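Some notes on the structure that comes next.
Numbering (this note's numbering), first residue to last: 23 to 740.
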């Protein structure tokens, strides 16, 4: 992206903004804007785009909104290409955190092993679905087995080896879902059925005990199993025979068919026993309603399972064991693959726990740069790396510098004990996780950064600046940094952004424009324009006054103080006097020549302030704001001195003159609430001491032109 093109209209507080950000030389821009001008509206507009939501004017929603945000190829930016960093958002957590924890090489090894195991498992589950009838969309065979046997699926499968040595597939043809479904189970667990089935089983065992060939320990299934094994192994084809004892004699059986017929005949004789049939019919009557009709039909075709219905828990296990025996080849293959992969997976898990991931690297960078009383750990690191689980962050609170006094705390508890700055640092850490994840994923991203350094101490503020510099060096990252903090603005300009990519906001009749930066070094600018611009000349007075104080020019200091406060000689100081001081104090301006030498300085101050009242521009004009601040203070002091009318008191004030005059006024005119309120605003909005460095000018820069104009307009009419 070479350029970012904006056309915003009626987007929250932005009435109109058209701008082009040229990223061809540098991929970062800084915008200085006083509070209330556009920063929040700008950030919210981009936040809407990142969420794929419409923007609007909240106060006048009927106004038509335009939001065009595109690149130099006329392509609209996508929501995922925007990330807005708010000043503070306690609830923010990056959803890309696992990206920083995953170690690709280990994950690939783990996935390869699991793929083989999963394929073996899926082959088995597919067959079990067919056998059990649990083939619906919501049926989960694996979960069903875990519930029945109360074990993890793989632990259960691993233990099947020894069980299958003795288990049979007696019930492998029984369809599990025909019996073990909600409606049938509800019926099978009723008292009536339990009583009826008990009677049936007693009668069944009695009939079985009288059978010629079958007994409780040797039922028809066992007999058929022997018949099949003999047949499969060519027993009868080798001219062997078996003897069946009929109670008195041995009966010789010479063919497989003859043995099969004998077993079937005996089975039918048992199941069709007249007394047993009566018990079955009694059960059958209970199955007359429509919901149980399918089960009745199934039971009629499988009368042999009736005797098993007394102990349902045991029976369902026997059914599943029968399925496993029936699919022994698939079970053995799964056990083999699981055992083979298990040992390798355990090695990978140990390795994963030892690995230093990108997440730890980010935390280390953060801890090295920022001051915070806690450290972070991922409790489920191996599961995040290998199983793609969501990271569970654990906070370890440190008491002082003692590493022994540590305690794991929940995030909400941590937030209660952290200072505002420390909470913001924790928020910033989550922001860094998001940024680093986007870096790792190589996502093209435009970062909109809204006053991120606000409320940080100096160490953390400069740490933020270093990190923003890191972002600026990433190939796919672009950033627009918004701030009302002039010192921060000036610092990022000198550290990595550069003057050409720094803008200041101007607002005229609601329309916002961005102008090239100025006042990054205001004193240099003022010095070079003292003789060409009267506003700059007046605005320089506080600078030069401070220099006279520091350099020991006491007379000059006193005279300049008379231009910031109403003194006995204020009305007599001319441009000539001011020029003489400048030539003496500023060595490189010793030959400076200023026009209108006989004009009184105070007259120029009030004349220029009156002109500014007519100016409708809401710009970052430092000299105008200093001029208005000086004019407001002087007008306020003239008004109070005139009303108090006590020259002795006024002349006795040696410092903090405006404050002392306000105190006196409140004492003498305590009922004049409107005037007192106005004078207190003067104290609030015009700094008592205007300092030399530009950082201390920030309060003036941050003041609205309109506030200053309104205040001057009110005080000048007094």
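Don't be surprised by glycine CBs; every beta carbon is placed ideally from N, CA and C.
In this text, all values refer to a predicted model and were calculated from it rather than measured experimentally.
* To do: Report the three-state DSSP secondary structure of residue 390 (helix, strand or coil).
  => Helix.
* Asked: What distance in whole Å lies between the Cβ atoms of residue 186 and residue 163, which are believed to be in contact at a cut-off of 8 Å?
  -> The C-beta distance from residue 163 to residue 186 rounds to 18 Å, too long to fall under 8 Å, and the pair is not in contact.
* Mark residue 513 as exposed unless 16 or more other C-beta atoms lie within 10 angstroms of its C-beta, in which case mark it buried. => Counting the other Cβ atoms within 10 Å of the Cβ of residue 513 gives 16 or more, which makes it buried.
* **Rounded distance between the beta-carbons of residue 649 and residue 631, thought under 8 Å** => Contact flag correct, Cβ pair sits at about 6 Å.
* To do: Keeping to the same chain, check which residues put their C-beta closer than 6 Å to that of residue 525; ignore five residues upstream and five downstream.
  => Excluding positions up to five away in sequence, the list reads 53 and 536.
* Separation of residue 602 from residue 478, as counted between CA atoms -> Each residue's CA atom was taken as its position, placing residue 478 and residue 602 some 43 Å apart.
* Could you name the residues that DSSP lists as bridge partners for residue 264? => Paired residue(s): 275.
* To do: Taking only the alpha-carbon atoms, compute the straight-line gap between residue 59 and residue 35 and give it to the nearest angstrom.
  => Spanning the two alpha carbons is a distance of roughly 8 Å.
* Per-residue DSSP class, three states only, for residue 713 -> Legend: pLDDT at residue 713 = 49, less than 50; position of this residue unreliable, no value from coordinates given.
* To do: Inspect the CB distances between the region 579-591 and the region 537-549 and report whether three or more fall short of 8 Å.
  => Segments in contact, no.
* Asked: Straight-line CA distance for residue 415 to residue 68?
  -> Spanning the two alpha carbons is a distance of roughly 29 Å.
* **For residue 355 and residue 142, believed in contact at Cβ under 8 Å, the rounded distance** => Right, the Cβ-Cβ distance comes to about 5 Å (below 8 Å), so this counts as a contact.
* To do: Give the DSSP-derived three-state secondary structure of residue 336 in the structure shown.
  => Helix.
* **Spatial neighbours of residue 6 in its chain, beta-carbon cut-off 7 Å, leaving aside the 5 residues before and after** => Missing from the structure shown is residue 6; the chain here goes from 23 to 740 and no further.
* To do: Using only alpha-carbon positions, find the residue among 573, 656 and 432 that is nearest to residue 397.
  => The shortest C-alpha separation from residue 397 is found at 432.
* Let me know the secondary structure DSSP gives residue 84 once reduced to three states. => Look at residue 84 here: in three-state DSSP terms it is coil, with no helix or strand label.
* Asked: At which residues does the beta strand (DSSP E) containing residue 501 begin and terminate?
  -> Note, residue 501: beta strand (DSSP E), 499-505.
* Asked: DSSP on residue 557, reduced to helix/strand/coil?
  -> Three-state result, residue 557: helix.
* **Extent of the continuous alpha helix (DSSP H) run through residue 632** => DSSP places residue 632 in the uninterrupted alpha helix (DSSP H) bounded by 623-635.
* Asked: When DSSP builds the beta bridges, which residues end up paired with residue 30?
  -> Paired residues: 39 and 89.
* **DSSP state of residue 222 mapped onto helix, strand, coil** => In the three-state reduction of the DSSP assignment, residue 222 falls in the helix class.
* Asked: Where in the region 523-581 do unbroken runs of the alpha helix (DSSP H), each at least 4 residues long, occur, reported from the N-terminal end onward?
  -> If we require 4 residues or more, the alpha helix (DSSP H) runs fully inside the region 523-581 come out as 544-549, 556-561 and 563-573.
* Spatial neighbours of residue 741 within its chain, please: CB distance less than 7 Å, with the 5 preceding and 5 following residues excluded, ordered by chain position. => Beyond the ends of the chain as shown, which are 23 and 740, falls residue 741; an answer cannot be given.
* Asked: Count the other CB atoms within 10 Å of the CB of residue 561; is the residue buried (16 or more) or exposed (fewer)?
  -> With 16 or more Cβ atoms within 10 Å of its Cβ, residue 561 is classed as buried.
* To do: Check residue 55 in the structure and name its three-state DSSP category.
  => Of the three classes helix, strand and coil, the one that applies to residue 55 here is coil, per DSSP.
* Between residue 634 and residue 651, is the Cβ-Cβ spacing less than 7 Å? -> Contact: no.
* Applying the criterion that 16 or more other CB atoms from any shown protein chain within 10 Å of the CB defines a buried residue, is residue 221 buried or exposed? -> With fewer than 16 other Cβ atoms within 10 Å, it is exposed.
* For my contact list, residue 51 and residue 503 are in at a C-beta cut-off of 8 Å; report their separation, rounded to the angstrom. => Right, their Cβ atoms sit about 7 Å apart.
* To do: Examine the Cβ distances between the region 263-273 and the region 330-341 and report whether three or more of them are shorter than 8 Å.
  => No contact exists between the region 263-273 and the region 330-341.
* Asked: Whose C-beta lies closer than 7 Å to the C-beta of residue 579 among residues of the same chain, with five residues either side of it excluded?
  -> Here residue 579 has 567, 570 and 571 as same chain residues with Cβ atoms under 7 Å from its own Cβ, once five neighbours each way along the sequence are excluded.
* What do you get for residue 211, buried or exposed, if any count of 16 or more other CB atoms within 10 angstroms of its CB means buried? -> Counting Cβ neighbours within 10 Å, residue 211 comes out exposed, since fewer than 16 surround it.
* Asked: With distances taken from CA atoms, which of 624, 197 and 112 is nearest residue 157?
  -> The option with the nearest alpha carbon to residue 157 is 197.
* Asked: Nearest-angstrom Cα distance between residue 595 and residue 610?
  -> Cα-Cα distance, rounded: 23 Å.
* DSSP-derived helix/strand/coil call for residue 467 -> Reduced to three states, the DSSP call for residue 467 is strand.
* To do: Measure the Cβ-Cβ separation of residue 345 and residue 176 and say whether it is below 7 Å.
  => Taking 7 Å as the Cβ cut-off, residue 345 and residue 176 do not qualify as a contacting pair.
* To do: Please go through the same chain and pick out, in chain order, the residues whose beta-carbon is closer than 7 Å to the beta-carbon of residue 682, but skip the five residues on each side of it.
  => The residues 675, in chain order, have a CB closer than 7 Å to that of residue 682 in the same chain once the five nearest residues on each side in sequence are set aside.
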